[in-house]
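Be aware that the sequence shown starts at 12, since it is given in our numbering, and climbs by one per residue.
Input: a single structure, listed below in C-alpha cells.
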Amino acid sequence: MPSAETNDDLERSVAAPRGVFARVQAVYESLGPQERKLADLLLREPDVAVRLSTRELASRINVSDATVVRCSQSLGYDGFKALKLALARESSPSTWLVREAVDQRDGALAVAKKVFSSDMQAISDTLAVLDEESLERAVDAILAAPRVEFYGVGSSVPVAMDAYYRIVRLGLPATVVTDPHMQAISAAHLPPGSLAFAVSHTGRSFETRAAMQRARQAGATVLLLTSYRNTKLGQLADIQIVTATPESTLRPEALSCRIAHLAVVDALSVAVALRSADSARDALLKDDEIIAEREIAP
C-alpha cells in the first residue's frame with residue numbers, strides 16, 4: 012500500500028508552479044521521444060492525466076515510471092504528483108487547446124476575437140512560467156553594465172529596438188545592432204562587464220548565436236529573451252528569460268510571441284526605473300522636453 016502523503020510533500024505540491032500547458036510548450040522541442048509521449052497526453056487529454064497514477068499513466072503511454080517522473084521534472088515540478096495538482100488547478104485547460112481554432116468560415120470579427128484571445132493568453136501563460144531569479148538577475152545586470160547592447164534578427168528586431176528605446180530613455184548607456192554581420196563585430200568590441208541582450212523567439216538564430224559567442228569572449232554577460240528552453244542559444248546565456256508563446260499553422264512566429272517578449276521588456280524597464288528612481292526620473296523629464304520641442308503646435 013502506498014505510504015500516506017506527508018505534510019512536506021503536500022506543501023511542495025501545493026506550492027508547485029502553475030502554467031502546465033505553457034511549460035509544455037516551452038520545453039517540448041527539447042524533450043526526448045519518450046518524454047514527448049507524456050507531453051502529448053498532457054496537451055491532448057489533460058483530464059486523463061489528472062486521474063491516473065504514475066504507474067497507470069506510464070502503462071497507458073508505454074513508457075517507464077522513471078520517464079514520467081523525469082518529464083515532470085523537465086517541466087519544473089518535483090514529480091508527477093506535483094504536476095497533476097498544478098494541472099488540476101489550471102484554469103480552463105480546454106481554452107488553451109482551442110482558443111485559436113480559426114477556419115475559413117470565420118468572419119473577420121471572429122478571427123479577431125480568436126487572435127486577440129491568443130495574444131492575451133500568451134501574456135497570461137508567460138506570467139505563469141516567468142522565473143523570478145532570472146528577472147532579478149536581468150535587472151541587476153542592466154544596472155551594473157557599462158554598456159547594454161541589444162541584438163535581434165527577423166521578427167525579433169522590433170523587440171530589440173523597443174528594449175533599446177526603453178533602456179536608453181532611462182539614461183543608461185545602450186546601443187542596438189540589427190545588422191547580422193555587425194552584431195558579431197560590435198559584440199567583439201564590448202567592454203568587459205557589458206551586457207549583451209539577445210532576443211530570439213526560437214533560440215536557433217545563427218546570427219544571434221554568433222553575436223552571443225563574441226560577447227562572451229569579450230567578457231560580457233549574455234542575456235537571452237526567448238520562447239523555448241534548452242536551446243543552443245540558451246546554452247550560451249548567463250541569464251535566460253523564457254516566455255510562453257504557442258503558435259499555430261496559420262501563425263508561425265505569431266505576434267503573440269512578440270507581445271509576450273514586449274511585455275517582459277516593459278516589466279524589466281519598469282523594474283530598472285524603480286531601482287534607479289532619481290536618475291531615471293531626471294532622464295525621462297529631459298526626454299519629455301526634447302520630444303515636446305518636436306511636436307507640432309495645435
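Cβ atoms here follow ideal geometry from the backbone N, Cα and C, with glycine treated the same way.
All values reported here derive from a predicted model rather than from experimental measurement.
* Enumerate in chain order the residues of its own chain whose CB-to-CB distance from residue 83 is below 6 Å, with the five nearest sequence positions on each side excluded. => Here the question's residue 83 lines up with position 72 in the sequence shown. For residue 83, same chain residues with a beta-carbon under 6 Å away, outside a window of 5 residues either side, are 90, 91 and 94 in chain order.
* Asked: Would you call residue 296 buried or exposed, if buried means 16 or more other Cβ atoms sit within 10 Å of its Cβ?
  -> Taking the sequence shown and counting its residues from 1, the one referred to as residue 296 is at position 285. The residue in question, residue 296, is exposed, as its Cβ has fewer than 16 Cβ neighbours within 10 Å.
* Specify the secondary structure class of residue 306 as computed by DSSP and reduced to three states. => As a first step, residue 306 is located in the sequence shown; it is residue number 295 there, counting from the start. Residue 306: coil per DSSP, three-state reduction.
* Asked: Buried or exposed: where does residue 184 fall if 16 or more other Cβ atoms within 10 Å of its Cβ makes it buried?
  -> For this step, residue 184 is matched to residue 173 along the sequence shown. Counting Cβ neighbours within 10 Å, residue 184 comes out exposed, since fewer than 16 surround it.
* Asked: What span of residues does the alpha helix (DSSP H) with residue 211 cover, start to end?
  -> Your numbering for residue 211 matches position 200 in the sequence shown. Residue 211 -> not in any alpha helix (DSSP H); beta strand (DSSP E) instead, spanning 206-211.
* To do: Within the same chain, show all residues whose beta-carbon is closer than 8 Å to that of residue 2, passing over the 5 residues directly before and after it, in chain order.
  => Nothing can be reported for residue 2: it is not among the residues displayed for the chain, which extend from 12 to 309.
* Quick one: using the 10 Å Cβ neighbour count with 16 as the cut-off for buried, is residue 277 buried or exposed? => Along the sequence shown, one-based indexing puts residue 277 at 266. Counting the other Cβ atoms within 10 Å of the Cβ of residue 277 gives fewer than 16, which makes it exposed.
* Start-to-end residues for the alpha helix (DSSP H) that takes in residue 283 -> Residue numbering aside, residue 283 sits at position 272 when the sequence shown is read from its first letter. Residues 266-286.
* To do: Measure from the alpha carbon of residue 99 to the alpha carbon of each residue in 121, 180, 58 and 74, then state which is nearest.
  => For the purposes of this step, residue 99 is identified with residue 88 of the sequence shown, where counting begins at 1. The shortest Cα separation from residue 99 among 121, 180, 58 and 74 belongs to 58.
* In chain order, what residues of the same chain have a beta carbon less than 8 Å from the beta carbon of residue 150, not counting five sequence neighbours either side? -> Within the sequence shown, the letter at position 139 stands for residue 150. So the qualifying residues of the chain are 279, 282, 283 and 286.
* Would you kindly work out how many angstroms separate the C-alpha atoms of residue 132 and residue 54, rounded to a whole number? => On the sequence shown, position 121 is the one that residue 132 refers to. On the sequence shown, position 43 is the one that residue 54 refers to. Straight-line Cα distance between these residues: approximately 16 Å.
* Asked: When DSSP labels each residue in this structure, what does residue 74 get in the three-state scheme?
  -> The residue given as residue 74 occupies position 63 in the sequence shown. Note: residue 74 maps to coil in three-state DSSP.
* **Beta-carbon gap between residue 229 and residue 192 smaller than 8 Å** => Sequence index remark: in the sequence shown, residue 229 carries index 218 (1-based). Sequence index remark: in the sequence shown, residue 192 carries index 181 (1-based). It is not a contact, given that the beta carbons lie outside the stated cut-off.
* Could you tell me how far apart the beta carbons of residue 216 and residue 164 are, in whole angstroms, since I believe they sit closer than 8 Å? => Counted from its first residue, the sequence shown places residue 216 at position 205. Counted from its first residue, the sequence shown places residue 164 at position 153. Cβ-Cβ separation between residue 216 and residue 164: approximately 6 Å, consistent with a contact (criterion under 8 Å).
* **Alpha carbon of residue 75 to alpha carbon of residue 60, nearest angstrom** => Here residue 75 is taken as the residue at index 64 of the sequence shown, counted from 1. Here residue 60 is taken as the residue at index 49 of the sequence shown, counted from 1. Cα to Cα, residue 75 sits roughly 15 Å from residue 60.
* For the candidate residues 232, 221, 212 and 224, whose alpha-carbon lies nearest to that of residue 240? -> If you number the sequence shown from 1, residue 240 lands on position 229. Closest by alpha carbon: 212.
* Asked: Any idea if residue 252 is buried or exposed, counting beta-carbon neighbours within 10 angstroms, 16 or more meaning buried?
  -> Translated into the one-based positions of the sequence shown, residue 252 becomes position 241. With a 10 Å radius around the Cβ and a threshold of 16 neighbouring Cβ atoms, residue 252 comes out buried.
* Continuous beta strand (DSSP E) stretch holding residue 251: start and end -> As a position in the sequence shown, residue 251 is number 240, starting the count at 1. 250-253 is the extent of the beta strand (DSSP E) around residue 251.
* Residue closest to residue 226, alpha-carbon to alpha-carbon, out of 214, 198 and 235 -> In the sequence shown, residue 226 corresponds to position 215, counting from 1. Out of 214, 198 and 235, 198 has the C-alpha closest to the C-alpha of residue 226.
* To do: Report all residues from its chain with a CB closer than 6 Å to the CB of residue 103; omit the five preceding and five following residues, and keep chain order.
  => What you label residue 103 is simply residue 92 of the sequence shown in a count that begins at 1. Since pLDDT at residue 103 reaches only 46, below the 50 mark, its modelled position is unreliable, and the value read off the structure follows with that caveat. Taken in chain order, the list of residues that qualify is empty.
* Asked: Straight-line CA distance for residue 2 to residue 116?
  -> The chain is shown from 12 up to 309; residue 2 falls before or after that span and cannot be answered.
* Asked: Buried or exposed: residue 127, going by 16 or more other Cβ atoms within 10 Å of its Cβ?
  -> Here the question's residue 127 lines up with position 116 in the sequence shown. The residue in question, residue 127, is exposed, as its Cβ has fewer than 16 Cβ neighbours within 10 Å.
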